[in-house]
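Novice: Here the protein sequences line up with chains A and B, keeping their order.
Following numbering that gives the first Met the number 0, the numbering of the first sequence begins with 0 at its first residue and continues without gaps.
Following numbering that gives the first Met the number 0, the numbering of the second sequence begins with 0 at its first residue and continues without gaps.
C-beta: ideal position from N, C-alpha, C; glycine also.
If you're wondering where the values come from, they're calculated on a predicted model, not measured in any experiment.
Take this structure first; my questions come after.
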Amino acid sequence: MDNKELKRRANNIRKNIITMIYAAQSGHPGGSLSAADILTYLYFVEADINKDNVATYKRDRFVLSKGHSSPALYAVLKEKGLLEEDIRTFRQINSKLQGHPNMNYLEGVDMSTGSLGQGISTAVGMALANKLDGNAYRIYVLVGDGESEEGLVWEAMMAAAHYKLDNLCIIFDVNHLQIDGRVEEVMNPLPLDAKAKAFGFNVESCDGHDFEDLAKAFKKARETKGLPTAIIANTIKGKGVSFMENEASWHGSAPNEEQYHKAMAELDGRDE
Amino acid sequence: MAEELRNAYGKTLAELVRENPDIVVLDADLSKSTKTFEAKKVAPERHFNAGIAEANMMGMAAGLAASGKTVFASSFAIFAAGRAFEIIRNSICYPHLNVKICASHAGLSVGEDGASHQAIEDIAIMRVLPNMQVYVPCDAKETKAIIKHVAAIKGPCYVRMGRGKVDDVYDDNHEFHIGKVDVLKKGSKVCLFATGMMVQEALKARDILKEKGLEVTLCNISCLKPLDFEGVYNLASSHEYCFALEEHNIIGGLYGALSEALAPYALTKLFPIGVNDTFGESGKAKDVLIKYGIFAERIVKEVEDKVK
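Laid out in structure tokens, this is it:
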């Protein structure tokens, strides 16, 4: 898949993110948009997750540790043809599209997440299981930079390095914002690259919105043996919708009608 | 014979690990105390030490279980249930994953280590979690039966074990019906519902009361959730006075479970005998248990006070 096609897919995903949050009048656009390109690359290029294998755990798996970015996960599953549920039911009663992902409702959701720090820990368990079974599936987990303030993230990273889980790839979505403001001001978890390195990781840094850059990072991760990889993906919170970009206030609020149309018009414009 | 429940746990786990290649064991730097090292001897490649990081142990357990493994995760009750509570809730119970949390060193009988290590609230906080089953064996033989039971069923389970040796309640030929209330002695008017090490104390109390002319019914409740409602209902409706006996806070444990089950029917008078909503302290296990009222003579006194 060429970068032009990836961009088209990512833009569809962004439109669906906005649509479902607008329909629900609830949800987290900022971190979903910052993760959109990473997830696009993962599901359309990097990870082997498709219609034929999605029902089993014997495949590559993805854990959305920053579970509040569920719109990005649902949108990428939709784009990939792995989600039947109407995305407009997101966060509504009786929907499989829970505010934070539930693995028992949807085949493409590999872990129930939402409480920060836990997804990465479960991903370590999955990687251990794959090592134990001697198969070559890879486990990908997306962690927020704000999320990395949780101590459990570092317990998990310590264990991943200790057990030499080279089948584990942690992607940090470094968008520099959390609910209360800039991560550097609220509780600075940076620099993540030096910390990950000190914890025994292979570290790759990249532009989380540049598919060529992402490709290089994931390739190096795959080639790295004997230690896990952390990809520091530098991103922009709210990426793709100008008025949401770099605004902490768009962490967890839904657009009104005017903002919705403005956002969709911007994204439609990117298709051309 | 007297044996530590955790000893029975370790031996049973070793057997299970030998039989079932899908079982994985996790521990948090306490494998010699929780006895999971017995399983490590059999299958070292399937025993993972999480280090002193119980929260991550539970997260790893969830990930392993989500990959088809039956996971046994052990630590002291205070850390397994307490430190890792919210990971158990969100990553194990909510997704209904196949993790068996087998915790040792529960209750005041931890002794010398003191209140920081004496879990008196673990039954309460595990019992309140949707999808979680809660078991409290009373002796080594029942421990073995319960461990085999939880290994065979799907979904999250919490098994609570103490630190010290306890006398056998059951003989080698006993056929266990895990999940059911087990009536050990039949009497009338008074029924003692006991769990864990309180079963042995209740047996002693029963003998004392019998000598004094009161023959009480005594049953062992080793499955606190799901509670055997029918068994509990029948006993409550056929006895005037009932007592819930536990080495646990009287809030949220066995007394809580029985109260919740029986309150709507007003069948009997139900009284708690347990840790009276207070922290314990250091001391020899026996001394701590006596100071905080977890012993036979206290049971006798409570029964005599209430039953005129």
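Report the partner residues of residue 232 of chain A according to the DSSP bridge assignment.
Specialist: The beta-bridge partner set that DSSP reports for residue 232 of chain A consists of A:172, A:205.
Novice: Going by DSSP, what residues sit across from residue 46 of chain B in a beta bridge?
Specialist: B:24
Novice: Counting only Cβ-Cβ distances shorter than 9 Å, please list the residues of the stretch 119-133 of chain A near chain B, keeping chain order.
Specialist: Closer than 9 Å at the C-beta level to chain B, one finds these residues of the stretch 119-133 of chain A: 119, 120, 121, 122, 123, 124, 125, 126, 127, 128, 129, 131, 132.
Novice: Could you give the distance in angstroms between the alpha-carbon of residue 106 of chain A and the alpha-carbon of residue 18 of chain B?
Specialist: The alpha-carbon atoms of residue 106 of chain A and residue 18 of chain B are separated by roughly 31 Å.
Novice: Determine the DSSP secondary structure at residue 193 of chain B, reduced to helix, strand or coil.
Specialist: strand
Novice: What is the DSSP secondary structure of residue 271 of chain B, counted as helix, strand or coil?
Specialist: strand
Novice: On the DSSP letters alone, give me the boundaries of the beta strand (DSSP E) that residue 159 of chain B sits inside.
Specialist: Residue 159 of chain B -> beta strand (DSSP E) spans 156-159.
Novice: Going by alpha carbons, who is nearest to residue 71 of chain B out of B:173, B:138, B:115, B:11?
Specialist: B:11
Novice: Rounded C-beta distance between residue 52 of chain B and residue 154 of chain A? I'm assuming under 8 Å.
Specialist: 4 Å
Novice: In whole angstroms, what separates the C-alpha of residue 169 of chain B from that of residue 217 of chain B?
Specialist: 14 Å
Novice: Could you give the C-beta distance for residue 234 of chain A and residue 172 of chain A, rounded to a whole number, given that I count them as a contact under 8 Å?
Specialist: 5 Å
Novice: Any idea what DSSP makes of residue 74 of chain B, helix, strand or coil?
Specialist: strand
Novice: From the DSSP output, in three-state form, read off residue 245 of chain B for me.
Specialist: strand
Novice: Three-state secondary structure (DSSP) at residue 236 of chain B?
Specialist: Residue 236 of chain B falls in the helix class under three-state DSSP.
Novice: Determine the chain B residues that contact residue 114 of chain A at a beta-carbon separation under 7 Å, and present them in chain order.
Specialist: Chain B residues near residue 114 of chain A: 85, 89.
Novice: Could you tell me the alpha carbon to alpha carbon distance between residue 122 of chain A and residue 306 of chain B, rounded to whole angstroms?
Specialist: 56 Å
Novice: Could you tell me which chain B residues have their CB closer than 8 Å to the CB of residue 195 of chain A, listed as they occur along the chain?
Specialist: Here the premise fails: no neighbours, minimum Cβ distance about 16 Å.
Novice: Taking DSSP's pairing of strands, which residues face residue 141 of chain A in a bridge?
Specialist: A:63, A:170
Novice: Does the beta-carbon distance from residue 104 of chain B to residue 30 of chain B come in below 8 Å?
Specialist: no
Novice: Chain A partners of residue 49 of chain B, CB-CB under 7 Å?
Specialist: 158
Novice: Under 8 Å, Cβ to Cβ, is there at least one residue of chain B near residue 104 of chain A?
Specialist: No, its Cβ sits nowhere closer than 8 Å to a Cβ of chain B.
Novice: If I follow the unbroken alpha helix (DSSP H) through residue 20 of chain A, where does it start and stop?
Specialist: 2-23
Novice: In chain order, what residues of the same chain lie with their CB nearer than 8 Å to the CB of residue 234 of chain B, ignoring the 5 residues before and after it?
Specialist: Once the five neighbours on either side are set aside, the close Cβ partners of residue 234 of chain B are 180, 182, 190, 192, 216, 218, 241.
Novice: Name the residue from B:224, B:156, B:39 whose alpha carbon lies nearest to the alpha carbon of residue 259 of chain B.
Specialist: B:224
Novice: Residues of chain B with a CB under 7 Å from the CB of residue 117 of chain A: which are they?
Specialist: 58, 86, 89, 90
Novice: So, helix, strand or coil for residue 97 of chain A, using DSSP?
Specialist: Coil.
Novice: Tell me where the beta strand (DSSP E) around residue 100 of chain B begins and ends.
Specialist: That run of the beta strand (DSSP E) goes 98-103.
Novice: Could you give the first and the last residue of the continuous alpha helix (DSSP H) run that contains residue 4 of chain B?
Specialist: 4-18
Novice: Strictly under 8 Å for the Cβ-Cβ distance: is residue 129 of chain B near chain A by that measure?
Specialist: no
Novice: Per DSSP, residue 134 of chain B forms a beta bridge with which residues?
Specialist: Note: residue 134 of chain B sits in a beta bridge opposite B:158, B:222.
Novice: Here's the rule: buried if 16 or more other CB atoms are within 10 angstroms of the residue's CB, otherwise exposed. What is residue 43 of chain A?
Specialist: buried
Novice: To which residues of the same chain is residue 204 of chain B closer than 6 Å at the C-beta, ignoring the five residues directly before and after it?
Specialist: The beta carbon of residue 204 of chain B sits closer than 6 Å to those of 295, 298, 299, all from its chain and outside the five residues before and after it, given in chain order.
Novice: Under 7 Å between beta-carbons, which chain A residues line up against residue 6 of chain B? List them in chain order, please.
Specialist: Neighbours of residue 6 of chain B on chain A: none; closest Cβ ~27 Å, over 7 Å.
Novice: Do residue 64 of chain A and residue 27 of chain A have their C-beta atoms within less than 8 Å of each other?
Specialist: no
Novice: Can you tell me whether residue 69 of chain B is buried or exposed, with buried defined as 16 or more other CB within 10 angstroms of its CB?
Specialist: Looking at its Cβ environment, which holds 16 or more other Cβ atoms inside 10 Å, residue 69 of chain B is buried.
Novice: Rounded to whole angstroms, what is the Cα-Cα separation between residue 174 of chain B and residue 136 of chain B?
Specialist: 14 Å
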